[in-house]
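Working notes, beginning with the structure itself.
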DNA sequence: ACCTTATTCTATCGGAT
DNA sequence: ATCCGGTAGAATAAGGT
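Okay, here's the thing in structure tokens:
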């Protein structure tokens, strides 16, 4: 809901003011000048919540809670007296309990503190936003409570949580990239990742090809008609099981390619390939599969398409 | 920890217009 | 020259034993 509005507003780098360039394949925006990655979907530029209503209960004070710090950023030792805070004693008690538990688990805390440092280091050397860093910390913390860290090095699990957080937000970083920036071998990150995903039931869903189509179509100045047709084609392809396991951007590109033939607004493969971030070969392979199975005859030379089946 | 499978990429060439 | 189709080999990701 608010996301669209936020995306509209971003056009220069919040760090250096340089111009931003879209990396459509990864669905992210990168600063041409300083290389900062601005993840469109997770940047929140709204002002801090401040509600000055009658009881002022929702007003934020101080730093926001953050999973990066081992004590969730509380940073203050809570005194033993509950008096003087009328009506708030239960909350104070809960905070004290949290603090007592965190000091109780000292070894875990040390472990987590080291991991947090490592996660922050990896994220900053990969230019990943704060959201990813925080999510990686949260995942690490959960892994810690489920004892997944047992028998694995802190470094390797930390690297894995960064990889997992990226996957969750569809900011795709390859295993090799994480390896280069963490010193942990690809194989190990991969193995840890499978374990963590299973045990923590992380829901990692690849983006639907349909979610790319409107953006790609407007990028290529194609009509709404083409966009609608391409989405229709993806729906048909889904039914025939032609989508799973394939690069969603490739499916989107191929569907758009077919749609341009049907609508008479033909674009060449190379142009579509460049915009969607895959090679011409992929566009070809996908569009052949889809048009074959859907009974769409594409006549490249006569620049038209015949739909046999539906 | 090693091996297998599936997908995509790069590079390249040939045919058609 | 441009566009499309096809292919080989490497790289990548994910899963199984």
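Numbering (my numbering), first residue to last: 38 to 347.
The beta-carbon is built from N, C-alpha and C at its ideal position, and this holds for glycine as well.
All values derive from a computational prediction rather than experimental measurement.
Separation of residue j from residue i, as counted between CA atoms
i: residue 296; j: residue 149; result: 51 Å
i: residue 203; j: residue 220; result: 18 Å
i: residue 186; j: residue 173; result: 14 Å
i: residue 77; j: residue 207; result: At residue 77, the pLDDT of 42 sits below 50, so the modelled position is not reliable and the matter cannot be decided from this model.
i: residue 294; j: residue 237; result: 39 Å
i: residue 264; j: residue 291; result: 12 Å
i: residue 282; j: residue 146; result: 39 Å
i: residue 162; j: residue 156; result: 10 Å
i: residue 274; j: residue 205; result: 25 Å
i: residue 266; j: residue 287; result: 16 Å
i: residue 182; j: residue 245; result: 33 Å
i: residue 323; j: residue 334; result: 14 Å
i: residue 337; j: residue 318; result: 16 Å
i: residue 82; j: residue 169; result: Because residue 82 carries a pLDDT of 35, less than 50, the predicted location of this residue cannot be relied on, and the following value inherits that uncertainty. Whole-angstrom Cα-Cα distance: 16 Å.
i: residue 195; j: residue 153; result: 8 Å
i: residue 247; j: residue 193; result: 35 Å
Residue range of the beta strand (DSSP E) that includes residue i
i: residue 341; result: 341 to 344
i: residue 336; result: 333 to 336
Best match in the options for proximity to residue i [C-alpha to C-alpha]
i: residue 197; options: 187, 228, 324 and 167; result: 228
i: residue 190; options: 225, 170 and 214; result: 225
i: residue 312; options: 183, 217, 257 and 208; result: 257
i: residue 340; options: 321, 318, 314 and 302; result: 302
i: residue 151; options: 182, 163, 177 and 342; result: 177
i: residue 214; options: 182, 184 and 159; result: 159
i: residue 166; options: 195, 188 and 199; result: 199
i: residue 252; options: 289, 184, 143 and 315; result: 289
Collapsed DSSP secondary structure at residue i in the structure displayed
i: residue 356; result: Residue 356 lies beyond the range of the chain shown here (38 to 347); nothing can be said about it.
i: residue 316; result: coil
i: residue 257; result: coil
i: residue 241; result: coil
i: residue 280; result: coil
i: residue 305; result: coil
i: residue 69; result: Its pLDDT being 46, under 50, residue 69 is placed unreliably by the model, and the measurement read from it follows with that caveat. Three-state DSSP puts residue 69 in coil, outside helix and strand.
i: residue 41; result: Confidence at residue 41 is low in this model, with a pLDDT of 35, below 50, so the placement of that residue should be treated as unreliable; the coordinate-derived value is given next. Residue 41 falls in the helix class under three-state DSSP.
i: residue 166; result: coil
Segment limits, alpha helix (DSSP H) that includes residue i
i: residue 210; result: It is not in any alpha helix (DSSP H) - residue 210 carries neither H nor E in the DSSP assignment.
i: residue 147; result: 143 to 163
i: residue 285; result: 285 to 300
For the segment 173 to 230, list the alpha helix (DSSP H) runs that are entirely contained and at least 4 residues long, ordered along the chain.
Listed in chain order, the complete alpha helix (DSSP H) runs (minimum 4 residues) inside the segment 173 to 230 are 191 to 205 and 212 to 219.
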